Every structure is written in C-alpha cells, then in structure tokens.
Amino acid sequence: MYEIAIIGAGPAGGSAAIFAAKSGKKTLVLDNDQSVTKRAWLENHYGVSEIAGPDLVDIGKKQAAKFGAEFVTGKVTNIEKAGEGFKIETDEGSYEAQHVILATGLSVELAQKIGVNTKDGVEPRIKTIVDADSSGKTNVAGIWAAGTVAGVSMHTIITAGDGAKVAINIISAINGERYVDHDVIKS
Numbered sequence: 008m009y010e011i012a013i014i015g016a017g018p019a020g021g022s023a024a025i026f027a028a029k030s031g032k033k034t035l036v037l038d039n040d041q042s043v044t045k046r047a048w049l050e051n052h053y054g055v056s057e058i059a060g061p062d063l064v065d066i067g068k069k070q071a072a073k074f075g076a077e078f079v080t081g082k083v084t085n086i087e088k089a090g091e092g093f094k095i096e097t098d099e100g101s102y103e104a105q106h107v108i109l110a111t112g113l114s115v116e117l118a119q120k121i122g123v124n125t126k127d128g129v130e131p132r133i134k135t136i137v138d139a140d141s142s143g144k145t146n147v148a149g150i151w152a153a154g155t156v157a158g159v160s161m162h163t164i165i166t167a168g169d170g171a172k173v174a175i176n177i178i179s180a181i182n183g184e185r186y187v188d189h190d191v192i193k194s
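Note that the working numbering numbers the sequence shown so that position 169 is 176, with each residue one more than the last.
Okay, structure coming up:
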C-alpha cells in the first residue's frame, strides 16, 4: 500500500510528489498525460527565465522520481474506500493508498464520481472546482485536493506551491507532527 497517491503529474501533483517522496513516504503518481501545462510557455515562473510547459512537467517528474516517487501513466476510473485507505482503479490496474491527492487540473469528473463535493469556480474559465479547505482536505476523509482543481489560480507557480502545501499537510498528519523540509548549501 502507498502512503500517498497523487492523481495528476502537472505542477500541483508533481510538486506534491517531490515533497511526499523526499519525506520518505511511499508515493505513487497516476497521470493521464493530459496536463494543460503541456501546452504552456512560461516566463513568469520564479527562478526560471523561461521554459516550455512540457519541460517543466518533465523536470518535476524527474525530481520526484529521484526521491523515489513511482509514476504510472493511465486514467483513474474510480476510487473507493478500502480498509485503512482507498482502492484506486485505473484502465491499467488497481492500487491502494492511505491518502489520495486530486491534482486533476481542470477536471472535476473523478471527484464528482467518487462523492467529493464540488462548487462553482472563481477563476476565469474554471466553472467547477473541488470544495477543499485551506489545508486541502475534502469532505471525504483521506482525499485531498491541490492546484487548479482545488480553486487556486492556474498559474504554474501557484499550483506547484499548493501541491507542496497539501503534501506537507498530509506528511504532517501521517507523522503526527508538523513536517518541514529545508535543505542547506553544502560547504
């Protein structure tokens, strides 16, 4: 069983995967390769002069994989409660995880199918979002939401930060104390 499964590998999901895997949590990322970031050109991402969206996503996936995150390409078709966590069904097989992060970008279809509450979006062209609290929790215990689907601005720097925030909140919940990840320059 995975401790954290993330649905979506765009900036929110990828960033969540980096923090989850780096913290030592067994992390799975399920991605259908449909991220809207794959069509983006970015010149407003802090610390990067310019980058193509596909390159940003690929770099993020490599960072998460370096820390042990596992990636599976496929479409998640259902999530249901199973024991101490969830059974995640895909078009390629099924997986189990204690916590699930929905980082599905513009799509709320899966969330609605599995009983996660949604509400009207406030960002331009975002009609519906997951109803998540400020920590990322949804109405279904153990299912969290991050990024555009959770109602934050769809700018990659903001969705990436939101994914990190949600992952840190889950890691903290698992550990029973606030998790902090700070690296320092090696002398």
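Glycine included, C-beta positions come from ideal geometry on N, C-alpha and C.
Bear in mind that the values here come from a model prediction, so they are computed numbers and not experimental data.
(message) Which same chain residues end up closer than 8 Å to residue 121 when comparing Cβ atoms and leaving out the 5 residues on each side of it in sequence?
(response) 85, 86, 87, 147 and 150
(message) Output needed for residue 51: all residues of its chain with C-beta closer than 8 Å, excluding positions within five of it in sequence on either side, in chain order.
(response) 162 and 164
(request) Have a look at the DSSP bridge pairing and note the partners of residue 14. (result) 37 and 109
(message) Give me the residue from 137, 185, 118 and 59 with the minimum Cα distance to residue 48.
(response) 59
(message) At the level of alpha carbons, what is the spacing between residue 44 and residue 61?
(response) Residue 44 and residue 61 have their C-alpha atoms roughly 7 Å apart.
(request) Within the stretch 150-178, note down every full beta strand (DSSP E) run reaching 3 residues or more, in order along the chain. (result) 150-152
(request) Mind checking who residue 186 pairs with in its DSSP beta bridge? (result) The partner list for residue 186 (beta bridge, DSSP) is empty, contrary to what the question assumes.
(request) Taking only the alpha-carbon atoms, compute the straight-line gap between residue 65 and residue 55 and give it to the nearest angstrom. (result) 15 Å
(request) Name, in chain order, the residues that DSSP records as bridge partners for residue 80. (result) As a beta-bridge residue in DSSP terms, residue 80 pairs with 38.
(request) Quick one: grab the DSSP three-state call for residue 74. (result) coil
(request) With a threshold of 16 other CB atoms inside 10 Å of the CB of residue 112, please say whether the residue is buried or exposed. (result) buried
(request) Measure the alpha-carbon distance for residue 19 versus residue 106 and round it to whole angstroms. (result) 16 Å
(request) Please report the residue range of the beta strand (DSSP E) in which residue 94 lies. (result) 92-97 is the extent of the beta strand (DSSP E) around residue 94.
(request) Entirely within the stretch 116-147 and at least 4 residues each: give me those alpha helix (DSSP H) ranges in chain order. (result) 116-120
(request) Note down, in chain order, each residue of its chain lying with its Cβ closer than 6 Å to the Cβ of residue 174, except the 5 sequence neighbours on either side. (result) 23, 26 and 27
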